[in-house]
Amino acid sequence: MASYKRDAGANRDALFGGAGRGGSTKSGARKPAPRAPAPSQPSRAPPRSAPTTTNDPEYTHTPGPSKIFGGNASTAARNNLISTLSGQAKIDKMAEAEDYRLKAQKAMTRGVFSRPDPISAGNYYKRAADAYKACGENRLERLHRIASGDVQLGQDAYAIAAQEYVRAAELSEVSDETLARKKQEMHKLYCDAGDAWAQMGEKGRAAECRMKAAFGLMMGDEVNKSIEANALASIENAIESFVPDPLNRKRNYRKGPSMYENPNAVDVEADRREALELAKQNIINDAFAHECLFKVGAELIKRRHYETALYAYGAGTASLESEGIATVSLGRAYLSETVLTLAMGDTVAASQDFQRVHLQNTAYLSSRECALAEDLIRACAAMDLEALDETRSKSGSHRSAMANLEPVLRHLVGEIRVSGRAKKSSESKPKVPQSSSVPKVEVKATAAAPTQPAVAKTGDDLLSEMDDIMNEMGLNDDGEDEDDIDLT
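Residue numbers (this note's numbering): 95 to 582.
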C-alpha cells in the first residue's frame, strides 16, 4: 500500500497518458519525490485489528437498544462525546434554556386576545432541549424533548415528534435513573415514536422503533437468563410488524397469537386469503430491513430461545425473498434456518425445508452455504458423529462457508448433536439444588407470586411520577386548552 502511494504520480501518468495542466506529455517526465514508508506503517497497523474486536462483543448483561441495533457508534454514544459547557458559559446557557421554557409556557397560555400557539411552543421546547444538551443536563433535556414531541404530535408533525421521542429514549438509556425506570421510559418512548412513524407511513422506521421498545424491556438482564413473557411477546409482535405471519414460513414456531388470525371467522379459507393479501401490502422489504431481524435472531440464540429465533430468521428470509434481489444474503439466511432447525434436534424438518424450499432457488444450488447445509443434514440424518465433526471442522472443506456465518451461528454449529437439541455450555446450565421436588414447588410458588404485581405497580408509579414532574415544570399541556385550539 505504501509503495502504491509512493508511485501514485507514475501510476496516474501510465493510466491517463501523463495528463497534466495542459494535457501535454512533458508532465510525465516529472517524478514525484520519494516518500519514506516508515512513518506510514505504524499508523496503519491499529485499524486492521480494530474491527475484529467489535464484530461480536461479549457481555454478560443485555445492553441498551441503541448498542444492539446501532453498534458501538450509536447516536447516544456520539452525543456523549460532545464537550459540555462549564463555568460562566454554562450559567448563561442555562438561563437561555430557562427563557425558552418560559416562552413555550407563554405560547401555550390562553389570554383575552390570544390563543395557544402549539407550533411556537414546540419550537421553544426544542430550543430549550438543545440548550440543556449543550450544558450536559440529561434529565432536563429528556423532559423537554418529551414536551416538544407531545406538542408536535398534536399538530400532526409526526416526523419531528418521532425524532424527539427517539432522542428522549436514547437519553433515558444513558441516564442515572434506576434500571426499572429506564426500562419503562424506553419502552414507552420508543412505542410513541413507532406510532408517530406509522402515522407518517414509514413502516420500516415504525417497526424498528417497536423492536427497540421490546429490547428496552430486556436491558440489564443477564444474557443466560430466560426472557420474560412480556418482553418475548413484544419481540414477536415487533417481528410481525416487519413481516406478517401469513408470509412467514416459520410462523408455527411463534408462541403468541398473530394479529392476522381471526379465531371467530366463519369462513376460514376466505379469512386466510384476505389476511394474505393484507400481509403482502404490509411486508417491509426495504434495504437492510433483514439485518434488524437477523440481529434479533442472534440475540435470541444467545438466550437459548431457538424457536423464537427461528421465527425471526424466517421473517428475514421472507423479506429477502420478497425483495427478489439478494443472493448471498439469502443463501446465508437459508443456512441459518438449517443450522437452527438442526440445533433444535428436528432433522426431518430441516431436510424438508432444504429440499422443498431452499433447493428451489437456482443461485443457492451452487453456493458454498448449500454444500455446508447438505453435509450437516446428511450427517445428522445418518447419526454419523465423525462426518458431522469433519463437516464443521475449521480446516475442512466448508471453512469458507463457516467463516461467512455470524459468530453466534458459527458457535451454534459446534453445538449441534446427531440426536437431540444442541448441548448447552456448562456456564449456561442452571444450578440444581440438592433439595427434594416438593420444597422446589413451594419455593417457586412463593417466589413467583409477588413478582408481577410489583412490576406492574412500579411501572404505574413511574409513569405517574413522570407526569407529576412535567406538571410541576409546566411541560404538560392543559386538556381544556387542547380542546379549544382552532387549527383552521
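In this text, a Cβ means the ideal position worked out from N, Cα and C, and glycines have one as well. Model, not experiment: these values are computed from the prediction.
**OP:** Please say whether M564 and V512 have beta carbons closer to each other than 9 Å?
**Re:** no
**OP:** Kindly confirm or deny that the stretch 277–284 and the stretch 300–313 touch, where touching means at least three C-beta pairs closer than 8 Å.
**Re:** yes
Subject >> Between the CA atoms of R426 and D270 - distance to the nearest angstrom >> reply: 40 Å
Subject >> Coarse secondary structure for H492, derived from DSSP in three states >> reply: coil
Subject >> Residue range of the unbroken alpha helix (DSSP H) whose run includes F163 >> reply: Per DSSP, F163 belongs to the alpha helix (DSSP H) from 159–164.
Original post:
Assuming G205 and V245 make a contact with CB atoms under 8 Å, what is their CB distance in whole Å?
Top reply: That pair is no contact at about 18 Å.
**OP:** Please confirm if R209 has its CB atom under 9 Å from at least one CB of chain D.
**Re:** Among the chains of the structure shown, chain D does not appear; only one protein chain is present.
**OP:** Would you identify the three-state DSSP class for G117, choosing helix, strand or coil?
**Re:** Reliability fails at G117, whose pLDDT of 44 lies under 50, so the model's placement of it is uncertain and the value that follows must be treated cautiously. Note: G117 maps to coil in three-state DSSP.
Original post:
Which term fits A550, buried or exposed, when burial requires 16 or more other beta carbons within 10 angstroms of its beta carbon?
Top reply: Interpretation of A550 is limited by its pLDDT of 43, a score under 50 that renders its predicted location unreliable; no figure is taken from the coordinates.
Original post:
What does a CB cutoff of less than 6 Å around K297 pick up in its chain, not counting 5 residues either side in sequence?
Top reply: I378
**OP:** Please classify H281: does DSSP put it in a helix, a strand, or coil?
**Re:** helix
Original post:
At a cut of 8 Å, does the stretch 444–453 reach the stretch 478–497 through at least three beta carbon pairs?
Top reply: no
**OP:** Excluding the 5 residues preceding and the 5 following N149 in the sequence, name in chain order all residues of the same chain whose CB lies nearer than 8 Å to its CB.
**Re:** Because the pLDDT at N149 is just 42, under 50, the model does not fix this residue reliably, and the value given afterwards should be weighed accordingly. Only P501 meet the Cβ criterion.
Subject >> Among N356, L372, D315, nearest to S335 - alpha-carbon criterion >> reply: L372
Original post:
Which partner residues of E316 appear in the DSSP bridge assignment?
Top reply: In DSSP, E316 forms a bridge with H155.
Original post:
Smallest Cα separation from C464: which of N498, Y428, L436, L434?
Top reply: Y428
Original post:
Is DSSP giving R397 helix, strand or coil here?
Top reply: coil
Subject >> Y226 versus L470, D193, N358, I254, residue with shortest Cα-Cα distance >> reply: D193
Subject >> Beta-carbon proximity list for R221, same chain, < 7 Å, skipping 5 on both sides >> reply: Apart from the 5 residues on each side of it in sequence, R221 sits with its Cβ closer than 7 Å to the Cβ of Y194 in its chain, given in chain order.
**OP:** Inspect the CB distances between the stretch 352–371 and the stretch 401–415 and report whether three or more fall short of 8 Å.
**Re:** no
Subject >> Outcome for E415 when other beta-carbon atoms lying within 10 angstroms are tallied against a minimum of 16 >> reply: buried
**OP:** Measure the Cβ-Cβ separation of M305 and A332 and say whether it is below 9 Å.
**Re:** Yes; because the gap between Cβ atoms is below 9 Å, this pair is in contact.
Subject >> Backbone CA spacing between Q182 and E235 [nearest angstrom] >> reply: One Cα belongs to Q182, the other to E235, and the distance between them is close to 19 Å.
**OP:** Please report the residue range of the alpha helix (DSSP H) in which L237 lies.
**Re:** 232–248
Subject >> G425, DSSP secondary structure in three states >> reply: Helix.
Original post:
What do you reckon, are the CB atoms on A409 and K344 nearer than 9 Å?
Top reply: The Cβ-Cβ distance between A409 and K344 falls below 9 Å.
Original post:
Under three-state DSSP, which class holds M564?
Top reply: helix
Subject >> Cα-Cα separation between A263 and S160, rounded to whole angstroms >> reply: Between the C-alpha atoms of A263 and S160 there is a straight-line separation of about 9 Å.
Subject >> Short Cβ contact (9 Å threshold) for A191 with G243 >> reply: no
**OP:** Report the three-state DSSP secondary structure of D211 (helix, strand or coil).
**Re:** coil
Subject >> Whole-angstrom C-beta distance between S423 and Y407, which should lie under 8 Å >> reply: Actually they do not touch by this definition, with Cβ atoms about 12 Å apart.
Original post:
In the structure shown, what three-state DSSP assignment does M438 receive?
Top reply: In the structure shown, the three-state DSSP call for M438 is coil.
Subject >> Proximity winner among A381, S352, G391, relative to S413 (alpha-carbon distances) >> reply: Of all alpha-carbon atoms in A381, S352, G391, the one lying nearest the alpha-carbon of S413 is that of A381.
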